[in-house]
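S.K.:
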Amino acid sequence: MKKKITYAKSGVNIDEGNIFVKKIQPFVKRTLSKNTIGNTTSFAALYSLDLKNIKNPVLVSCTDGVGTKVQLGVETNKIEGLGIDLVAMCINDLICTGAKPLFFLDYLATSKLNSDYHSKVIKAIAKGCIDSNCSLVGGETAEMPGMYKPSEFDLAGFSVGVVDRIKIISPEKVRAGDILIGIPSSGPHSNGYSLIRKLYSGKNKPKIKGKFLNAVMKPTRLYTNLIHKLLLQQGSITGIANITGGGIIENIPRMIPSNLGIRIDKSSWPIGPVFEDIMTKSSLDYSEMARVFNMGIGMVISVKKTKIDLIQRIFNKLNEKFYIIGEVESKKGLEII
């Protein structure tokens with residue numbers, strides 16, 4: 082008699098998948114708004130758009146991942162914050178257009194699903210969605226033996242938002258003389274982790290521990306609520322840049338038109354010990370570091386010079402740190418002094 086080869090013996094456990102779905106349902110349900118339609122067993126997510134206060138709605142979409150920070154989290158048993166990282170990597174891009182997040186979907190792929198272990202990540206994704214005022218309307222969990230090493234997994238996220246066309250933040254609105262304000266990051270966020278893992282590599286896992294480990298695994302900061310409070314001052318903010326992959330050198334120029342330039346004073350904010358440690362250990366100079374890391378600034382906004390006092394008062398009222406880091410210039414290029 083031939084030996085039966087089941088799906089479970091092939092490495093895919095449907096029962097474990099069902100347990101996982103039941104375990105994450107309470108987290109997911111807490112994120113859902115009145116706009117979500119249907120239930121968690123639907124084949125697709127339904128979302129009812131409430132556009133009565135938006136004259137000319139434009140949908141905005143983003144997708145991103147967490148990169149090799151996931152691997153570092155697995156290696157150091159610090160995976161809980163990765164879900165917030167995933168939401169932030171998508172939503173922080175989305176709000177650069179002036180959009181309000183509506184809903185989010187996630188993708189988790191692993192060699193072997195462990196409902197207790199992997200549900201920690203979904204719980205954090207749900208928290209990130211709640212903090213960003215968006216609904217976690219769906220996702221996919223893929224168990225793929227042979228694609229990943231045991232215990233490995235990967236993440237991807239997808240977000241959709243909406244903005245009134247007249248309120249879109251785009252480079253055309255930036256002018257020479259606009260002031261650049263830097264908003265602090267929580268650490269490296271989710272960029273530069275291949276370099277970090279290389280620098281601190283050990284025989285079997287990275288030699289990272291203590292305060293430095295806590296610093297590099299701190300979740301990416303979510304800027305949704307702060308940015309939208311600032312955007313209530315219509316016409317004050319002309320540009321927004323999320324300092325993501327490519328660091329401050331690659332990302333700040335993305336917020337301005339090609340005929341303008343930017344001058345940054347790198348002494349105007351503290352880069353923090355985590356970046357100082359990386360710079361020392363890697364022997365990279367500032368310009369090389371700034372092309373990989375956010376260097377302590379997670380989001381940059383450009384503000385009309387006539388509105389700078391107003392925006393500073395809002396930061397102070399909200400008890401939020403900020404730094405005036407530079408200015409938009411008529412001369413092309415990026416100058417860091």
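Numbered per my numbering, the sequence shown spans residues 82 to 418. Backbone N, C-alpha and C define an ideal beta-carbon position, used for all residues, glycine too. Given the structure is predicted, the values throughout are model-derived calculations rather than measurements.
Using DSSP bridges, identify the partner residues of Ser-383.
M.R.: Its beta-bridge partners are Leu-261, Gly-320.
S.K.: For the beta strand (DSSP E) holding Ala-371, just list the boundary residues, first then last.
M.R.: Per DSSP, Ala-371 belongs to no beta strand (DSSP E) and is neither H nor E.
S.K.: Taking Asn-306 and Asn-375 to be in contact with their CB atoms under 8 Å, please state how far apart those CB atoms are, rounded to whole angstroms.
M.R.: About 19 Å; that fails the 8 Å criterion.
S.K.: Taking C-beta to C-beta, are Leu-186 and Gly-219 nearer than 8 Å?
M.R.: yes
S.K.: Taking 8 Å as the cut-off, decide whether the C-beta atoms of Gly-148 and Leu-261 are in contact.
M.R.: no
S.K.: Measuring CB to CB, does Ile-417 end up less than 8 Å from Ile-345?
M.R.: yes
S.K.: What does Ser-216 pair with, by DSSP beta-bridge criteria?
M.R.: Per DSSP, the beta-bridge partners of Ser-216 are Phe-184.
S.K.: Quick check on the burial criterion: 16 or more other C-beta atoms within 10 angstroms. Buried or exposed for Gln-152?
M.R.: buried
S.K.: Using the Cα positions of Ile-249 and Ile-321, report the straight-line distance between them to the nearest angstrom.
M.R.: 11 Å
S.K.: How should Tyr-281 be labelled, buried or exposed, when 16 other C-beta atoms within 10 angstroms of its C-beta is the threshold for buried?
M.R.: buried
S.K.: May I ask you to list the residues that DSSP assigns as paired with Gly-407?
M.R.: Leu-261, Ile-345.
S.K.: Could you tell me the alpha carbon to alpha carbon distance between Phe-293 and Lys-413, rounded to whole angstroms?
M.R.: 38 Å
S.K.: Please state the DSSP three-state secondary structure of Pro-138.
M.R.: strand
S.K.: Within 10 Å of its beta-carbon, does Glu-224 have 16 or more other beta-carbons around it, so buried, or fewer, so exposed?
M.R.: Buried, by the Cβ-count rule.
S.K.: Which class does Thr-149 belong to by DSSP, given the choice of helix, strand or coil?
M.R.: coil
S.K.: By a C-beta neighbour count over all protein chains shown, 10 Å radius and 16 as the cutoff for buried, is Met-370 buried or exposed?
M.R.: Buried, because 16 or more other Cβ atoms sit within 10 Å of the Cβ of Met-370.
S.K.: Are the Cβ atoms of Pro-334 and Ile-343 separated by less than 8 Å?
M.R.: yes
S.K.: For Cys-210, list the residues DSSP reports as bridge partners.
M.R.: In DSSP, Cys-210 forms no bridge with anything.
S.K.: Find the nearest neighbour of Ser-317 within the set Leu-341, Ser-349, Val-255, judged by alpha-carbon distance.
M.R.: Checking every option, the nearest Cα to that of Ser-317 belongs to Val-255.
S.K.: So, under 8 Å CB-CB, Pro-252 and Ile-337 are touching, yes? Tell me the CB distance rounded to an integer number of Å.
M.R.: Confirmed, about 5 Å.
S.K.: Strictly by DSSP, which residues pair up with Tyr-229?
M.R.: Pro-226
S.K.: As a quick exercise: from Lys-90, Val-168, Val-409, pick the residue whose alpha carbon is nearest that of Thr-301.
M.R.: Val-168
S.K.: Of all the options Ser-339, Val-373, Ile-359, Ile-264, which has the alpha carbon lying nearest to the alpha carbon of Val-384?
M.R.: Ile-264
S.K.: How big is the Cα-Cα spacing for Asn-195 and Glu-97?
M.R.: 7 Å
S.K.: I need the boundaries of the beta strand (DSSP E) containing Gly-353, first residue and last residue.
M.R.: Unbroken run through Gly-353: none, as it is neither H nor E.
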